[in-house]
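**Q**
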Amino acid sequence: MDIIEKLGWLETIVRCPACNGQLTTSLATRVAGRLFSCVLHCANCRTDCGQVANFKYFFNGFPPGYEFKRALGVLSGRECIKVHSLGVEDAFQLTGNWQHDAEAKTVGAIGPNACIATLDVPPDAIGVGLQFVKHPWSGEAEIRLDDRLLATLDLHEEAGSMRLWYPVNTGSGGGRLEIRYTGKRNPKALADQVWLGSPDVVLATSGAPSVAMMPQNRGNPYPAEFGSLMARVRSDEWVLDCGSGDRAYPSPNVVNFEYSHFAAPDVSGDGHALPFADDAFDLVLSQAVVEHLYDPYAAVAEIHRCMSPGGTVFCESAFMQPLHAVPFHFFNTTPWGLERLFSAFDIQRIESVGDLGDTLAWIYAISGLREKGFGEQVDEIISSVRKLDVHIDPSALRMFSSFVTLLAKKKRRIADA
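Counting with the UniProt record's numbering, you get residues 1 to 417 for the letters of the sequence shown.
This is how it looks when you write it as structure tokens:
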């Protein structure tokens with residue numbers, strides 16, 4: 001199986017998130033027979049419910065300021081496209097005060113003078129995929145093509161650093177694409193910086209999938225248990241990383257689904273209304289997601305619907321972890337709470353993971369004590385607790401573990417048994 005096969009399969013299983021109905025496309029552009037960009041329409045709901053851009057599916061809106069339909073009008077009917085990835089320092093001509101982060105492969109405008117990153121779009125290009133870094137110190141950025149304002153982006157992210165993938169359909173003929181530091185910022189932002197990652201230039205030459213679909217991980221490390229489960233997945237079975245964050249698993253039969261518009265996921269949407277057909281997936285991973293769902297029962301019911309009978313789900317959820325990704329941290333789950341959430345499944349195992357030292361380390365990390373000069377005392381406390389952790393009976397972890405994991409199977413229907 002390869003990425004082209006994956007893209008073809010995705011077309012067959014995406015559904016309207018509101019009614020689970022079949023979808024039709026308009027203003028479609030295809031690459032090697034696969035959807036590169038289009039508008040997705042649900043006849044049952046009589047509405048446009050999603051879009052495809054650079055092979056990625058969006059069911060929860062699109063970056064603000066992006067006039068999607070007008071841009072697609074330029075591309076409609078085009079075939080044979082490849083994506084050329086550029087190194088961030090080679091791609092842009094930088095004027096003004098920019099900093100370079102070699103490890104993160106980013107460049108950042110920090111002002112106070114005018115800062116402009118310019119990319120000369122070649123005549124055979126029809127689009128550019130930009131990557132921005134959102135974080136608490138980010139301000140506003142303008143995107144201009146031949147000095148025409150396309151969008152103004154608020155890049156502030158209170159919860160921490162994350163990537164935003166933003167497509168610009170340039171049409172044919174090339175042009176001068178500029179990303180401008182404005183010096184403006186969200187009132188909650190700590191600064192007005194603008195950080196850029198490596199862009200992709202879409203060329204109308206030969207067919208190839210987007211580099212954005214290649215394996216990458218700017219999110220949580222995958223659980224060891226997931227690797228063991230993947231080793232038992234057949235090549236013709238499909239896997240859903242539900243709430244993947246900004247990562248893509250190095251296997252073409254894994255669909256990466258995420259709410260935020262990150263660079264890596266295949267599909268963006270709401271976990272409470274998954275845009276997939278019934279019985280589509282044989283294995284589902286839900287890692288550090290449940291605590292961020294305002295209705296976890298509805299979301300777990302959607303996972304159940306999308307799983308094949310006999311399919312497996314592995315869930316990892318916060319228990320004694322402090323608040324994170326505020327304000328989108330709604331619940332923590334005990335072992336008994338997770339059991340109740342997945343009561344429709346055949347539960348194989350529930351485990352409490354993470355010693356008391358792990359929980360305390362996280363709490364002290366956000367307490368501000370290190371910044372106040374108490375780092376040495378904090379390290380002494382955590383070290384002492386970790387020495388005691390080895391003497392704690394595993395059954396006692398149920399009362400204070402950092403997180404809880406669950407392994408369960410979707411019950412087979414009587415007709416399937």
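Beta carbons: idealized from backbone N, C-alpha and C, even for Gly.
Using DSSP's beta-bridge definition, name the partner residues of T118.
**A** Q93 and E178
**Q** Which of helix, strand or coil does DSSP assign to L196?
**A** strand
**Q** Is V378 helix, strand or coil by DSSP?
**A** helix
**Q** CA-CA distance, A189 and D146?
**A** 29 angstroms
**Q** Going by alpha carbons, who is nearest to A104 out of W195, D241, L274 and G183?
**A** W195
**Q** Compare the Cα-Cα distances from S161 to each of S268, H324 and V254 and report the closest residue.
**A** H324
**Q** Run through DSSP, which three-state label would G8 get?
**A** helix
**Q** So is T405 buried or exposed if we call it buried at 16+ other beta carbons inside 10 Å?
**A** buried
**Q** What residues in its chain sit with their C-beta under 8 angstroms from that of K184, if we drop five residues either side in the sequence?
**A** G139, E140 and D192
**Q** To which residues does DSSP link M222 through a beta bridge?
**A** Looking at the sequence provided, one finds Tyr at residue 222 rather than Met. Answer by DSSP bridge pairing: none, since Y222 is not bridged.
**Q** Considering only the beta carbon of each residue, do Y364 and V378 sit closer than 7 angstroms?
**A** The answer is yes: Cβ separation under 7 angstroms.
**Q** D2 by DSSP, collapsed to three states: which one?
**A** coil
**Q** Using the Cα positions of T47 and H41, report the straight-line distance between them to the nearest angstrom.
**A** 6 angstroms
**Q** What distance in whole Å lies between the Cβ atoms of H272 and A299, which are believed to be in contact at a cut-off of 8 angstroms?
**A** 5 angstroms
**Q** Are the CB atoms of G269 and F55 within a distance shorter than 7 angstroms?
**A** no
**Q** Taking all protein chains shown into account, decide if W238 is buried (16 or more other Cβ within 10 angstroms of its Cβ) or exposed.
**A** buried
**Q** Are the region 371 to 391 and the region 291 to 298 touching by the rule of at least three beta carbon pairs closer than 8 angstroms?
**A** Judged by Cβ distances under 8 angstroms, the region 371 to 391 makes no contact with the region 291 to 298, as fewer than three pairs qualify.
**Q** V390: buried (16+ other C-beta within 10 angstroms of its C-beta) or exposed?
**A** Burial call: exposed.
**Q** Which two residues bound the contiguous alpha helix (DSSP H) that contains R340?
**A** According to the DSSP assignment, R340 belongs to the alpha helix (DSSP H) that extends over P335 to L341.
**Q** In this structure, what does DSSP give as the bridge partners for Y166?
**A** L130
**Q** Using the beta-carbon count (16 or more within 10 Å), is A53 buried or exposed?
**A** So A53 counts as buried.
**Q** Which class does H391 belong to by DSSP, given the choice of helix, strand or coil?
**A** DSSP places H391 in coil when its eight states are reduced to three.
**Q** Look up H100 in the DSSP assignment and give the residues it is bridged to.
**A** V107
**Q** Run through DSSP, which three-state label would S383 get?
**A** helix
**Q** Can you list, in chain order, the residues of its chain with a C-beta nearer than 8 angstroms to that of S198? Leave out the 5 residues immediately preceding and following it.
**A** S85, L86, G87, V88, A91, K105 and Q131
**Q** Quick check: the Cα distance between R180 and T95, rounded to an integer number of angstroms?
**A** 10 angstroms
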